[in-house]
Amino acid sequence: GQNIDQPTEMTATEGAIVQINCTYQTSGFNGLFWYQQHAGEAPTFLSYNVLDGLEEKGRFSSFLSRSKGYSYLLLKELQMKDSASYLCAVRVGDDKIIFGKGTRLHILP
Amino acid sequence: GAVVSQHPSWVICKSGTSVKIECRSLDFQATTMFWYRQFPKQSLMLMATSNEGSKATYEQGVEKDKFLINHASLTLSTLTVTSAHPEDSSFYICSAREGGGGYTFGSGTRLTVV
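If you read the protein sequences in the order shown, they are chains Y and D. The numbering of the first sequence is the numbering used here, which starts it at 0 and goes up by one. The numbering of the second sequence is the numbering used here, which starts it at -10 and goes up by one.
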C-alpha cells in the first residue's frame, strides 16, 4: 500500500522558520513533491526532489533522504501569506502522484 | 508556463442529475491527465489516470460507471459525475502532464449536489 505521513497542523510566528516533515512508505518511488494549497484553490508547485539532499529555492528549501523515506520542507522568514496547507506527494511508477493528507500551517503575527 | 483550464469553477446540481467537468491544456499536449477529489480539510485523493485515446485507469474504490472519464484529444479531458448525490459534493481537480514533463493543475471545480 501507499502511506504518506505529515503533521495535520502547525503554528509558527511571522518572521520565524518552520520545518514540515513528511515520511513515506510507497510501492515505487520516482521523486517527491511539495505543493502549497490555499483554501478552495488548486495546489501550486513548490519543489521536487528525486536525489538525496537539500534543494534551496528562495525562502523555501526541501530535503530528501530516500534511504529513510523522509523529506522536509523548510520555510524561512515566514510571512502571513504563507498560511496555507502544504502537501507532500510522492511520484510512484511513471506517472502517478500520491498525496499526503497535508499540513495546515497557521502563521501568527 | 504550462496552463490548464478547468471549467466550471463551481456548479450546483440537483440530486440524480449528471455534471460534466472539463479540463483543457492550453499551451501543451497533455498525454496524461489525472483527476483528483478533495473533501474539506482533506488532501487530494487520486480518482483516475487517463491517457489520450485509451480507457482511464481508476483507483481502488472509485466507481468507473459513476465517474466517467473521457480523454479524446491531447488537450481535453472530461469527468462526468453521473446520477450525482449529496455525498459526491466535493472539490474536483485535474492535473495534466506532457510526456516526461511536470504536472500542471487546473483551478478546480467545486461541486455541490442538493
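Every residue, glycine too, gets a C-beta built ideally from N, C-alpha and C.
Arg103 of chain Y bridges to which residues according to DSSP?
Locating residue 103 of chain Y in the first sequence gives position 104, counting from the first residue. Bridge partners of Arg103 of chain Y: Y:Glu8 and Y:Ser84.
Is it the case that the segment 24 to 34 of chain D contacts the segment 91 to 104 of chain Y, given that we only count it when at least three CB pairs across the two stretches are under 8 Å?
Contact check between the segment 91 to 104 of chain Y and the segment 24 to 34 of chain D: three or more CB pairs, one atom from each, fall below 8 Å, which counts as touching.
For the candidate residues Y:Asn48, Y:Gly68, Y:Lys67 and Y:Gly39, whose alpha-carbon lies nearest to that of Phe32 of chain Y?
To locate residue 32 of chain Y, count along the first sequence from 1; it is residue 33. Nearest of Y:Asn48, Y:Gly68, Y:Lys67 and Y:Gly39 to Phe32 of chain Y, Cα basis: Y:Asn48.
Hey, is Gln31 of chain D's beta-carbon within less than 8 Å of any beta-carbon in chain Y?
The residue labelled residue 31 of chain D in the question sits at position 42 within the second sequence. Yes, Gln31 of chain D counts as interfacial toward chain Y.
Using a threshold of 7 Å, is the CB atom of Met22 of chain D nearer than that to any non-hydrogen atom of the ligand ZN?
The ligand content of the structure shown is nil, which means the ligand ZN is not present either.
Do Val70 of chain D and Ser7 of chain D have their beta-carbon atoms positioned less than 8 Å apart in this structure?
Residue mapping note: residue 7 of chain D aligns to position 18 of the second sequence, counting from 1. Residue mapping note: residue 70 of chain D aligns to position 81 of the second sequence, counting from 1. Contact: yes.
Roughly how many whole angstroms lie between the Cα atoms of Ala85 of chain D and Glu54 of chain Y?
By 1-based counting over the second sequence, the position of residue 85 of chain D is 96. By 1-based counting over the first sequence, the position of residue 54 of chain Y is 55. In this structure, the CA atom of Ala85 of chain D is about 24 Å from the CA atom of Glu54 of chain Y.
Could you tell me whether the Cβ atoms of Ile19 of chain Y and Leu77 of chain Y are closer together than 8 Å?
Numbered from 1 along the first sequence, position 20 holds the residue referred to as residue 19 of chain Y. Numbered from 1 along the first sequence, position 78 holds the residue referred to as residue 77 of chain Y. No. Outside cutoff.
Beta-bridge pairing of Val8 of chain D - partner residues as DSSP gives them:
Sequence index remark: in the second sequence, residue 8 of chain D carries index 19 (1-based). Note: Val8 of chain D sits in a beta bridge opposite D:Val70.
Could you say which of D:Met22, D:Val(-8), D:Ser62 and D:Phe28 lies nearest to Thr46 of chain D if we only look at CA atoms?
Taking the first residue of the second sequence as 1, we reach residue 46 of chain D at position 57. Looking at the Cα atoms, D:Met22 is the closest of the given residues.
Which of helix, strand or coil does DSSP assign to Glu76 of chain D?
Within the second sequence, residue 76 of chain D is the residue found at index 87, counting from 1. Looking at Glu76 of chain D - three-state DSSP - the assignment turns out to be helix.
With 8 Å as the C-beta to C-beta threshold (strictly closer), list the residues of the segment 70 to 94 of chain D near chain Y in chain order.
Of all residues in the segment 70 to 94 of chain D, Phe80, Ile82, Ser84, Arg86, Gly91, Tyr92 and Phe94 have a Cβ within less than 8 Å of some Cβ in chain Y.
Residue(s) in a DSSP beta bridge with Phe56 of chain D:
Position 67 of the second sequence, counted from the first residue, corresponds to residue 56 of chain D. Partner(s): D:Val70.
What residues in its chain sit with their C-beta under 7 Å from that of Thr20 of chain D, if we drop five residues either side in the sequence?
Taking the second sequence and counting its residues from 1, the one referred to as residue 20 of chain D is at position 31. Here the set comprises Asn40, Glu41, Leu63, Arg86, Glu87 and Gly88.
is_contact[Gly5 of chain D, chain Y] using C-beta, thresh 8 Å
Residue 5 of chain D sits at position 16 when you count from the first residue of the second sequence. It does not; no Cβ of chain Y falls within 8 Å.
Since Thr21 of chain D is in the beta strand (DSSP E), which residue starts that stretch and which ends it?
For the purposes of this step, residue 21 of chain D is identified with residue 32 of the second sequence, where counting begins at 1. Thr21 to Gln27 is the span of the beta strand (DSSP E), which, as asked, contains Thr21 of chain D.
Thr12 of chain Y and Leu74 of chain Y: beta carbons closer than 8 Å?
For the purposes of this step, residue 12 of chain Y is identified with residue 13 of the first sequence, where counting begins at 1. For the purposes of this step, residue 74 of chain Y is identified with residue 75 of the first sequence, where counting begins at 1. Taking 8 Å as the cut-off, the beta carbon of Thr12 of chain Y is found no closer than this to the beta carbon of Leu74 of chain Y.
What does Gly42 of chain D touch in chain C if you count any residue whose Cβ is under 7 Å from its own?
In summary, chain C is missing from the structure at hand, where the protein chains are Y and D.
For Arg13 of chain D, list the residues DSSP reports as bridge partners.
Start at 1 with the first residue of the second sequence, and residue 13 of chain D comes out as number 24. Paired residue(s): D:Ser(-6) and D:Leu65.
Beta-ladder partner(s) of Asn48 of chain Y, from DSSP:
To locate residue 48 of chain Y, count along the first sequence from 1; it is residue 49. In the DSSP output, where bridge partners are listed per residue, Asn48 of chain Y has Y:Leu31.
For the segment 79 to 95 of chain Y against the segment 26 to 40 of chain Y, are there 3 or more C-beta pairs whose distance is under 8 Å?
Verdict: yes, contact present.
Just checking: is the beta-carbon of Leu35 of chain D within a distance shorter than 8 Å of some beta-carbon in chain Y?
Working through the second sequence from its first residue, we reach residue 35 of chain D at position 46. Closer than 8 Å: yes.
Any idea which residues DSSP pairs Ser55 of chain Y with across the strands?
Stepping through the first sequence from its first residue, residue 55 of chain Y is reached at position 56. Reading off the sequence shown, one finds Glu at residue 55 of chain Y, where the question assumed Ser. For Glu55 of chain Y, the beta-bridge partners assigned by DSSP are Y:Ser60.
Euclidean distance between Cα positions of Ser(-2) of chain D and Phe59 of chain Y:
Locating residue -2 of chain D in the second sequence gives position 9, counting from the first residue. Locating residue 59 of chain Y in the first sequence gives position 60, counting from the first residue. If you take the alpha carbons of Ser(-2) of chain D and Phe59 of chain Y, they lie about 30 Å apart.
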